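Each remark here refers to the structure printed beneath this line.
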Amino acid sequence: MCCPLQDNSILGYEMTFRILSLDGGGAWALIEVKTLIALFGETATGHQVLSEFDLVAANSGGSLVLGGLIEDLSLKELLDYFMDEGKRRLIFSPLTPQDKMKYCLAELAGIGPRYSSEAKLAAIKTLFSKHGNDPMPFIANSIKRGGRPHIHLMIVGFDYDRNRAAFFRSSSTGESNVWGKGAQTSATLAEAIHASTNAPVNYFDVPAKSVGQGKRYWDGAIAGYNNPVMAAVTEAIVLGHEAKDIVVLSLGTASVVLPPAEQGKATPYVSQRSKPDLLADINKLAKAIVADPPDAATFMAHVVTGGGKDLPTPAVSRIVRMNPLICPVKDKQGGWIAPAGLSAQEFSALCDLDMDAVEQSQVEMIRKYADFWLSDKVPNQPIRMDGTTLQMEIGHHVFSLARDAWGVLR
């Protein structure tokens, strides 16, 4: 379990700026809650966790986790939100038969939305009834941090009408000739979470609407921020912090990585080349927006913050990535097998499980794999890895090493 905040003079920092970055991933975001429990304990409250960070950035499922932290739920209570099938079905509320008729042709082609955006907003307001209707700036000011500056909150969405990222900030980043101005939002917490969780095409039916702003949004993943770590690091620099003073705890919702198939071999443990097809490609693109390749956002943040220079062991980066990797491992003969004693069927089911996992059996699969990861039985996602051999190049290959690295950075 993490210890209380401490002086980080060992790093040579005058003032360490701590970031919590929360990936999107729908129901898989329960992994982020379990990670926080492993670090802080299940009785820790949301505000206790938030008080340890200077900036929190979240997208999609991660913004639901942030909502629970802002509500000041205990981490056990927040995990129950994700484990409760009834609460999951509030978020993933099926379209009515009348609404489904609008997409009947798309459904015949195997694509099209399944859930009601309008019902999701109502669910978010119900689940976060304490602060859901509060403006983001008010919320940040209400989190006590022992005399330190107010926490900076940022939820990411995608502006439907302007075709660009939208950042729901709790406060302005200021105005300068160097960086320009990043305005604070007037949106409520519920509206920001609603925008950020509104995945398109195969998930929700219409863009999320912000009543106060009159704007429309899709999930921030469309802008490339399913993993918002680079947005968070950029925000910190614009706020006036030196890159070398920034440390990030980046929490993910599991990533599937399969090695390329050898010619003529087809197994559950290797990726297969699919035949190009319009409908299949639409489905592929719809799912690709929530992907986070191990050498993309996290690696770029690693580079921007100075790589692994001048850090105490076991830290190898100012970015500590904690995320279960769903990938095969080598057996004694050098072949690929499922990790942690999973069967080929269980491994394939995990690889194919979508972010809108609602059935209790599906969520139990996610929980089980998260427990394997937290006990070092399956790999942690590296900051960078070889995509063919799956060998780690930078990072920590198991959770406990990543936890220890965060312990010396924070």
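In the numbering used here, the protein residues as written are 1022 to 1431. For each residue, glycine too, the CB sits at the ideal point set by N, CA and C. In this text the structure is predicted, and so the values were computed from the model without any measurement.
Local Cβ density within 10 Å of residue i, reported as buried at 16 or more and exposed below that
i: Leu-1306; result: exposed
i: Met-1122; result: exposed
i: Ala-1169; result: Correcting the residue type first, residue 1169 is Arg in the shown sequence and not Ala. By the neighbour-count rule (16 or more Cβ atoms within 10 Å), Arg-1169 is not buried but exposed.
i: Leu-1433; result: Beyond the ends of the chain as shown, which are 1022 and 1431, falls residue 1433; an answer cannot be given.
i: Arg-1185; result: exposed
i: Ala-1257; result: buried
i: Cys-1125; result: exposed
i: Pro-1025; result: In this prediction, Pro-1025 scores a pLDDT of 44, lower than 50, which makes its location untrustworthy; no coordinate-derived value is stated.
i: Asp-1331; result: exposed
i: Gly-1362; result: exposed
i: Ala-1065; result: buried
i: Lys-1141; result: buried
i: Asn-1344; result: buried
i: Lys-1236; result: buried
i: Gln-1402; result: buried
i: Asn-1223; result: buried
i: Ser-1482; result: This structure cannot settle anything about residue 1482, because the visible part of the chain is limited to 1022 through 1431.
i: Gln-1027; result: At Gln-1027 the pLDDT is 41, less than 50, meaning the model places this residue with poor confidence; the figure from the coordinates comes in the next sentence. Classification for Gln-1027: exposed.
i: Pro-1156; result: buried
i: Val-1324; result: exposed
i: Lys-1353; result: exposed
i: Met-1231; result: According to the sequence displayed, residue 1231 carries Ser and not Met. Answer is buried; the Cβ neighbour count reaches 16.
i: Ser-1030; result: The predicted model places Ser-1030 with a pLDDT of 35, which falls under 50 and marks its position as unreliable; any figure quoted below should be read in that light. Ser-1030 comes out exposed.
i: Gln-1293; result: exposed
i: Thr-1037; result: buried
Cβ-Cβ separation, residue j to residue i (assumed contact under 8 Å), whole Å
i: Ser-1217; j: Ser-1081; result: 5 Å
i: Ile-1016; j: Pro-1221; result: No information on residue 1016 is available, as it lies outside the stretch 1022 to 1431 that the chain covers here.
i: Leu-1279; j: Tyr-1290; result: 7 Å
i: Ile-1040; j: Leu-1076; result: 5 Å
i: Glu-1212; j: Lys-1151; result: At roughly 16 Å, the Cβ-Cβ gap does not stay under 8 Å, so Glu-1212 and Lys-1151 are not in contact.
i: Gln-1366; j: Leu-1374; result: Incorrect: roughly 13 Å between the Cβ atoms, too far for contact.
i: Gly-1083; j: Asp-1240; result: Not really, about 11 Å apart at Cβ, beyond 8 Å.
i: Val-1399; j: Tyr-1390; result: 7 Å
i: Leu-1116; j: Ala-1079; result: Rounded, the Cβ-Cβ distance is 26 Å, inconsistent with contact.
i: Gly-1203; j: Val-1259; result: 6 Å
i: Thr-1410; j: Pro-1281; result: No, Thr-1410 and Pro-1281 are not in contact; Cβ-Cβ is about 10 Å, not under 8 Å.
Reference residue i; option with closest CA among the options
i: Gly-1107; options: Thr-1147, Phe-1074 and Glu-1139; result: Thr-1147
i: Gly-1047; options: Val-1077, Arg-1110, Leu-1076 and Ser-1072; result: Arg-1110
i: Phe-1225; options: Pro-1134, Trp-1200, Lys-1351 and Ser-1193; result: Pro-1134
i: Asp-1377; options: Met-1036, Ser-1042, Thr-1037 and Ala-1050; result: Ala-1050
i: Phe-1149; options: Leu-1116, Glu-1098 and Thr-1117; result: Glu-1098
i: Val-1337; options: Ser-1292, Gly-1327, Ser-1137 and His-1262; result: Gly-1327
i: Ala-1253; options: His-1173, Thr-1209 and Arg-1183; result: His-1173
i: Leu-1270; options: Thr-1037, Lys-1055, Trp-1427 and Leu-1100; result: Trp-1427
i: Thr-1194; options: His-1262, Asp-1407, Leu-1085 and Trp-1394; result: His-1262
i: Ser-1421; options: Met-1406, Gln-1412 and Asp-1392; result: Asp-1392
DSSP-derived helix/strand/coil call for residue i
i: Pro-1349; result: coil
i: Phe-1038; result: strand
i: Asn-1401; result: strand
i: Ser-1295; result: coil
i: Asn-1080; result: strand
i: Thr-1409; result: coil
i: Ile-1132; result: coil
i: Lys-1230; result: strand
i: Val-1341; result: strand
i: Ser-1271; result: strand
i: Val-1254; result: helix
Cβ of residue i within 7 Å of any chain B Cβ
i: Ala-1213; result: No chain B appears in the structure shown, which is made up of a single protein chain.
Ignoring anything shorter than 4 residues or poking outside the segment 1151-1228, list the alpha helix (DSSP H) runs there in chain order.
DSSP runs (the alpha helix (DSSP H)) wholly in the segment 1151-1228: 1157-1163 and 1210-1217.
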